[in-house]
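A short worksheet on the structure shown next.
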Amino acid sequence: MEEQTTHATSRRNFLKAAGLGMIAAAASAGAFNAANPRVAVASDALSANQKGVTDFSQTAGMYEEVFQVPMRSIPVRDVESDLDRQGNVAFEMRDFDESEITRTEETDVLVAGAGITGIVAAVSASDDGETKVMCLEKMSEGRGIFEGMGVVGGKKMAEAGNNVDKAEAMDAMRNAAYYRVPIDPIKLWGERSGEAADWLQEKFDEGDAKIETYFKEGKPNSHFFPSVQTEIAFRCDQWSEQTTKNAGGAGIFIVKDLANTFSKRSNATLRYRNAVVKLERNDEGRVTGAICKDSDGYYRVNAKKGVILATGGFDANPQMLKAWCRPEDMVNYGSWCPTYGTTGDGQLMGLAVGGQMDPLPACVMNFDMGNDDAFYSSSTGMRPFLGGIFINERGVRFASEGMPFQARSNAISAQRNFGEKTWKVASDTQFAGVSDADKEKAFAKFEEIKGKGWAVEADSIEGLAEQMGCDGATLRESIERFNGFVDAKKDDDFNRPMEGVAKVEGEKYYAIAHQSSILATCSGLVVDYSCHVLDCDNEVIPGLYAAGGASGGFFSGNYPRHIFGPSIGRCVTFGYVSGQNAAEEA
C-alpha cells in the first residue's frame, strides 16, 4: 500500500507523502517552487491494469457499452485530434473473481478523488468527528487549477456590499445552458453556495496556510453576454505574486491545505496512488462500496453510508473525448490543464451501475489562445500580440475579439477544418502603453514560437499575408475595414464593443497561430438536490453521490465563461453538500 495518511498525520509527514514535486499548475510552469509548481505527468498515477480502459483501439465499444440503457450514434466527422494527454484510467468494466481481492476494509463514507471536490467532500463528511471517511486518490496527490468560485450570497459577498440576486444568478446559468438542464443542480448552487463558501472559509481558518476568501469584481459584460457578479477569489500571504497572478496557479495550494486539515482528523483516512476502479451494488440496488486498487493489488472497501464520486471530468482521456464530444470541441485543440488524473472514472463507474449521464455530446470548457503545445497563458507575456484581430486561412476577419472565451473558441472551430489555420494579427499599436520590460518579455516569447513556425512578422500587410499563406489584398481589406470600425466606434460586422480598441497599423505587423484549447469537460452523472446520483428514470441510486466535474445537470454545450466561477462554485458546493448528506445517512 503506497502513500497513505491515516488519522492525525503530522504536517511534515503529510507533505512528504503528498509528493510536493508532482503537482498541477499552468501549462507554462517550470520546476517546482512556491511560485511555479511543476506539471503532473501520467506516471504520477497508479499504473493501469491491462484489463482496464487505456487503449481505444482495443476498447472502442466500451464507451457505448458502459451505458445501461440503449444508445444510438449520431454521425460526425471521424477526424483525429491533436490531444494526446492520456492519463491512466482506473475504471475496469469487468467482473472480479474473489481470489483477486487481497483484503476488505470498512468505512462509513468512501470518497473517490482528492482534488478540490473530493477533498471538500471528505472534510465535510468528517466534520462531525465520528463518521469514518476514506478518501482515495489515484494520483500522487490531489490537484486543482482554478482562480475563484462562483457564489450566491454568503458573508464575503455581504461584507463587500455585493448582493447577488439569486433568481438572476440561477436564470443566467440556465440561460447559458439554453435550459437543457434539470431543476435541482442549479437550484442547489443558487441556494447553498453562499453557505458552502462560508464553511470553506472556516476550514481555511482551521488550516495551516491561513487562506482568505474575498469578493472579486469582474468586468460587467463580455460582448454583451449577461454576467452576474458571483466570484469569490482566494489569497494567502504565503503565496508568491506569480502564484496569485497566474491563472489557476493557487488551486494546488488550496487543495493541499484542505488535505492537510483532513489528514489530521482521527476519523479520516487519506491515500494517494490508490484507485477506485469499480462500484459494488447489492441485490436491493444500493451501492455498498467499491473495488479499489493499490500497489499490492485489489481490495474491497465497504462503505456503510455511501460512496461519493469526485473524480473530475475526462479531459485527460482523448479517446473518451473522441467518443463523447463533437469533433469541433477537440480537433486542432491544445490542452491547457496539465493534470493526467481526469480520465472519466467517476462517469464510467456511475454509468456501470445504472446512473444517468448528461446528454451527449458532452459539455466542454473551451478557450481560444491555444497553440500546438497548450495555451498562451498570462505568464507567457504574449497578451500584446493577442490584442489584434481574428483572421482565418483566407485572410478574412471572422468574429468579434471581445466575446467570452468559449464563443471565441467556437468561432475558431467554425473555420476551415475546425480552425486548422487561424491567426491573431497585430501591429505596433497593440504595444502602446506596454512597459519596456513587458515588451522585452513578449518579444522573447515571440521569437521562441516563431522558431516553431507558429508566428510570423513583416514590414507590410502583404508581406505578412505571404508568410501566413493567405491573399494579401484580402488581408489588407480586412484590416482596413476593421480600422474603419475603430474610427466609427461601431463594428458593423460583429458588433464588438469598440471602447479602448486600437487599430492594426504601423511599421511592423505580426501574426500568431491562434487556435482553441480545452481546460476541462463539464458533463457528468445527473444528481438531485442532495447530490444523489439518479438513474434514467430520475430515481435515486441509494448510497451513491456525485459532485464537481463528475456530476451533471449543470452545464450544456459549452462552459459559460462569461459567468464568474460556476465550475469551482459547483465543486465546493456539491462537495460540501454530498459530504454532509452522506455522513447523515442512516
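Just so you know, we're using the working numbering here: the sequence shown kicks off at 6 and counts up by one. Beta carbons are placed, not taken as given, at the ideal position from N, Cα and C, and that holds for glycine.
Find out if the Cβ-Cβ distance for the pair residue i, residue j is shorter than 9 Å.
i    : j    : result
M374 : F410 : yes
N543 : P187 : yes
A412 : N265 : no
S129 : G584 : yes
T112 : K309 : yes
V71  : L353 : yes
G359 : I546 : yes
K513 : F487 : no
D189 : Y534 : yes
T434 : G355 : no
I396 : R388 : no
G254 : I106 : no
Y338 : S86  : yes
Quick check on the burial criterion: 16 or more other C-beta atoms within 10 angstroms. Buried or exposed for residue i?
i    : result
D132 : buried
E173 : exposed
C576 : buried
D288 : exposed
D60  : Its pLDDT being 46, under 50, D60 is placed unreliably by the model, and nothing is read from it.
S271 : exposed
C541 : exposed
D210 : exposed
G35  : Below a pLDDT of 50, predicted positions are generally treated as unreliable, and G35, at 24, falls in that range; the measurement from the model is reported next regardless. That one is exposed.
T347 : buried
Y581 : buried
A449 : exposed
G166 : exposed
P668 : There is simply no residue 668 to check, as the chain begins at 6 and stops at 591 in what is shown.
D350 : buried
Y303 : buried
P225 : exposed
I28  : Confidence in I28 is poor, its pLDDT being 21 and thus under 50, which makes the residue's placement unreliable; the coordinate value appears in the next sentence. Buried, by the Cβ-count rule.
For residue i, does the three-state DSSP call read helix, strand or coil?
i    : result
R185 : coil
A163 : helix
A273 : strand
F499 : coil
D533 : coil
Y381 : coil
R278 : coil
D373 : strand
G153 : strand
A39  : For A39, the predicted model reports a pLDDT of 34, less than 50, meaning its position is unreliable and no value from the coordinates is stated.
W428 : strand
S528 : coil
A507 : coil
G570 : coil
T218 : strand
L51  : coil
G557 : strand
L539 : strand
V577 : helix
G562 : coil
G253 : coil
R179 : helix
Practice problem: Count the CB pairs spanning the region 272-279 and the region 210-225 that are closer than 8 Å, and state whether there are at least three. | Solution: As far as the Cβ criterion goes, the region 272-279 does not touch the region 210-225, which means the pair count is below three.
Quiz item: Going along the chain, which unbroken runs of the beta strand (DSSP E) with 3 or more residues stay wholly within the region 286-361?
Solution: If we require 3 residues or more, the beta strand (DSSP E) runs fully inside the region 286-361 come out as 292-299, 302-314, 338-340.
Quiz prompt | At least 3 beta-carbon pairs within less than 8 Å: the region 456-472 vs the region 355-370 | solution = Pairwise C-beta distances place the region 456-472 out of contact with the region 355-370, as fewer than three of them are shorter than 8 Å.
Self-check item: the region 325-344 in contact with the region 412-426 per 3-pair CB rule at 8 Å
Solution: Yes, they touch.
Quiz item: Considering only residues of the region 63-141, which uninterrupted alpha helix (DSSP H) runs meet the minimum length of 4 residues and lie entirely inside it, listed in chain order?
Solution: Listed in chain order, the complete alpha helix (DSSP H) runs (minimum 4 residues) inside the region 63-141 are 67-70, 121-130.
Quiz item: Okay, do the region 227-243 and the region 89-98 touch, 3+ Cβ pairs below 8 Å being the bar?
Solution: In short, these stretches do not touch, since the Cβ pair count stays below three.
Quiz item: Which residue spans inside the region 452-492 form an unbroken beta strand (DSSP E) run of at least 3?
Solution: Correct list: 460-463.
Practice problem: Check whether the region 517-524 touches the region 489-503, counting contact only when three or more Cβ pairs, one atom from each stretch, lie closer than 8 Å. | Solution: Short answer: they don't touch.
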